[in-house]
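Residue numbers (the numbering used here), protein chains in the order written: chain A, -18 to 121; chain B, 16 to 144. Note that CB positions come from ideal geometry on N, CA and C, so glycine has one too. Okay, structure first, notes after.
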Amino acid sequence: MSMPRGYLALSGLDPCGSGGCEFCVAKQYVENLQRYGPQWKFWNLHVMKEVLADPIAIFEGLNRSGYGSGYVYSGLYSKQVISSTIETPPHAGFVGIVIVNPDHRGNIILDWEWRREDLDRPGFPEGWQNDFGDVIWKKT
Amino acid sequence: MEENLNEYLRGREPDGFTRRPFYSRDGDTLTYYFESDEAYSQRVDDLLTVYKSKQTDKLVGCKIKGVIRLLERLKNFGFALSPEGESLKLNLLFLSALGERPATVHHYYEELGRYTREAVVDSSELQIS
């Protein structure tokens, strides 16, 4: 499937947990972050790439109307990027999540965020039982 | 030509921080950070996610979902946003959502209504067509 116009491509793990697939994020969203911030979210685009490529768990369903077939990737990340020259170890107690909605154009990334980590399930976000649909894949 | 995120980001740095709502057509969401603190997300319900500072837990932003439907509802009360450059106070979206929310989460909507009192979204931002 070709990338829709106005989107930036990146690769990651297929939602089924086997093999790779393409994702895309609206260029306008990235440009907006670069121009208006917050800066940390722009720098943390790298977290999105890491989580999509090597998640701990994938959930199906965003638990909101019209987005039942969306996916949430959750995982840990290797570093915290502060600026182009400063990187620090990741914050303990937080996971990165990436929210994806597949449509006729491909796997569209809606957002990427930090969540508090579920203390009982490392790599899972706090509240995953209520916030998202079923776990369709988890790392073993 | 297809563009790759990694290539696009090479050499780019963020300019700074400006309070400005951003509408995502893909997600039909409106995100607004009113502080630049690094933040984590906490889902309140299917319409609202709040962002809290990782350092202080203070509320620093929000994401409201189902924006088009909330705007449609506001039309019933005379708040219409046409494509011709009109603007709307952001906190009206929280007011629009409040009516269908349980009382247990009203405080989030009301608090955000206060935080976003001065924030304005215009029709070009929302890409209404």
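Residue contact check for Pro19 (chain A) against chain B: a CB pair falls below 9 Å. Straight-line measurement puts the Cα of Pro(-4) (chain A) at about 30 Å from the Cα of Ser68 (chain B). Assignment of Ser(-17) (chain A) by DSSP, reduced to helix, strand and coil, places it in the coil class. At a cut-off of 9 Å between beta-carbon atoms, Ala112 (chain B) makes no contact with chain A.
Within its own chain, the residues whose Cβ lies closer than 7 Å to the Cβ of Tyr48 (chain A), once the five positions on either side in sequence are excluded, are Asn82, listed in chain order. Residue A:Ile37 holds the alpha-carbon nearest to the alpha-carbon of Ile117 (chain A) among A:Ile37, A:Ser(-8) and A:Glu68. Arg35 (chain B) is a Cβ neighbour of Asn13 (chain A), given a cutoff of 9 Å. Three or more beta-carbon pairs separated by less than 8 Å link the region 81 to 101 of chain A to the region 17 to 29 of chain A, which places the two stretches in contact.
The DSSP assignment places complete beta strand (DSSP E) segments of no fewer than 3 residues inside the region 73 to 122 of chain B at 74 to 80 and 102 to 104, in order along the chain. With its beta carbon at least 9 Å from every one in chain B, Gln110 (chain A) lies outside the interface. The region 52 to 77 of chain A is shown to contain whole beta strand (DSSP E) runs of 3 or more residues at 52 to 56, in chain order.
Secondary structure within the region -8 to 61 of chain A: the alpha helix (DSSP H) runs of 4 or more consecutive residues, fully enclosed, are 8 to 17, 20 to 24 and 26 to 34 (chain order). Taking the Cα positions, Pro71 (chain A) is about 7 Å away from Tyr58 (chain A). The region 105 to 117 of chain A makes no contact with the region 84 to 93 of chain B; the number of CB pairs closer than 8 Å stays below 3.
Glu98 (chain A) carries a strand assignment under DSSP once its states are collapsed to helix, strand and coil.
Of the other Cβ atoms in all chains shown, fewer than 16 fall within 10 Å of the Cβ of Asp30 (chain B); this residue is therefore exposed. Within the DSSP bridge table, the entry for Pro83 (chain A) names A:Asn88 as partners. Nearest to Ser138 (chain B) by C-alpha distance, out of B:Phe94, B:Gly76, B:Arg58 and B:Thr119, is B:Phe94. At a C-beta separation below 9 Å, Phe75 (chain A) has these neighbours in chain B: Tyr55 and Lys69. Contact check for Ser51 (chain B) and Gln61 (chain A): beta-carbon distance about 16 Å, past the 8 Å limit, so the pair fails to qualify. Using beta-carbon distances, Leu86 (chain B) does not count as an interface residue toward chain A, since no partner is under 9 Å.
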